[in-house]
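>
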Amino acid sequence: DVKVTQSSRYLVKRTGEKVFLECVQDMDHENMFWYRQDPGLGLRLIYFSYDVKMKEKGDIPEGYSVSREKKERFSLILESASTNQTSMYLCASRLSGQYNSPLHFGNGTRLTVT
Amino acid sequence: GESVGLHLPTLSVQEGDNSIINCAYSNSASDYFIWYKQESGKGPQFIIDIRSNMDKRQGQRVTVLLNKTVKHLSLQIAATQPGDSAVYFCAETSGYSTLTFGKGTMLLVSP
């Protein structure tokens with residue numbers, strides 16, 4: 792089974808802090824994704840990466856950046872956290888080259904910015 | 161942009177009943193569809209998928225039906241159990257695009 796591991800289940804940060812959310816997958820997947828999930832808004836794509844060193848903006852990239860230095864790890868960075876970034880953050884991965892393949896998700900990091 | 165939506169935000173059923181969760185999609189070019197289950201405190205878990213060249217696919221206690229004419233997708237759960245209580249999402253994509261998710265339906269199963 793694919794395992795996608797997010798390093799923290801819960802985080803509490805202060806406004807203005809730099810925040811790192813880490814995600815690691817163990818199945819050698821090329822594609823990795825960061826979503827945020829908010830009540831009434833569903834899952835929204837922040838950034839994704841097709842492979843190492845590559846990154847693409849999703850639907851709501853403002854206020855975020857990402858890093859993909861190794862294939863198994865995809866980091867989401869909040870340069871200066873704000874209260875509207877309080878959310879559940881979900882990381883996912885997928886094997887590249889498979890035209891129709893599902894995403895595999897981690898269990899999420901619930902971030903609260905005070 | 162085009163998006164995926166769900167008809168019912170909450171569905172309450174009795175244990176043992178069959179459940180049907182519906183999803184409408186608007187992108188006629190979508191050719192791959194997925195259902196996810198998300199339990200409280202966990203990430204979405206893949207349940208079943210279907211390609212547009214099919215109109216029905218069955219898994220263990222679950223069946224997905226695809227009606228491309230009316231752009232409608234449904235998930236049927238047979239003999240629903242309390243452990244099936246969760247939020248269910250549909251998602252769609254076309255080609256190598258990223259997935260578009262519906263907002264989810266909460267399924268509540270009473271013993």
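In order, the protein sequence lines correspond to chains C and H. First residue of the first sequence? That's 792 in our numbering, and the numbers climb one at a time after it. First residue of the second sequence? That's 161 in our numbering, and the numbers climb one at a time after it. We put the CB at the ideal spot given by N, CA and C, even for glycine.
Mark Ala239 of chain H as exposed unless 16 or more other C-beta atoms lie within 10 angstroms of its C-beta, in which case mark it buried.
exposed
> Could you list which residues in chain H have their beta carbon closer than 9 Å to that of Phe839 of chain C, in chain order?
Thr258
> Identify, in the order they occur along the chain, each residue of the same chain with its Cβ nearer than 8 Å to the Cβ of Arg221 of chain H, setting aside the five sequence neighbours on each side.
Ile237, Ala238 and Ala239
> Pull up the distance between the alpha-carbon of Arg901 of chain C and that of Ser188 of chain H, whole angstroms please.
35 Å
> Less than 8 Å between C-beta atoms, sequence neighbours within five positions excluded: which residues of the same chain meet that for Val173 of chain H?
Ser179, Thr240, Leu267, Leu268, Val269 and Ser270
> Does DSSP put Asp244 of chain H in a helix, in a strand, or in coil?
Under the three-state reduction of DSSP, Asp244 of chain H is assigned to helix.
> So, helix, strand or coil for Asn875 of chain C, using DSSP?
helix
> Quick test of your reading: Gly899 of chain C and Leu881 of chain C, contact by CB under 8 Å. State the CB separation rounded to the nearest angstrom.
Confirmed, Cβ separation roughly 5 Å.
> Looking at chain C, which residues of the segment 185–197 of chain H have a Cβ within less than 7 Å of any of its Cβ atoms?
Listed by position along the chain: Tyr192 and Ile194.
> Name the chain H residues that come within less than 7 Å of Leu894 of chain C, Cβ to Cβ?
Chain-ordered, the chain H residues with CB closer than 7 Å to the CB of Leu894 of chain C read Leu259.
> Taking 8 Å as the CB-CB cut-off, is Leu812 of chain C touching chain H?
no
> So, for His167 of chain H: in the same chain, excluding its five sequence neighbours on each side, which residues have a beta-carbon less than 7 Å away from its beta-carbon?
Only weak support exists for where His167 of chain H lies, its pLDDT of 44 falling under 50; the value from the coordinates is given anyway. Once the five neighbours on either side are set aside, the close Cβ partners of His167 of chain H are Asn182 and Ala184.
> Taking a contact to mean a Cβ-Cβ separation below 8 Å, would you say Ala883 of chain C touches Phe811 of chain C in this structure?
no
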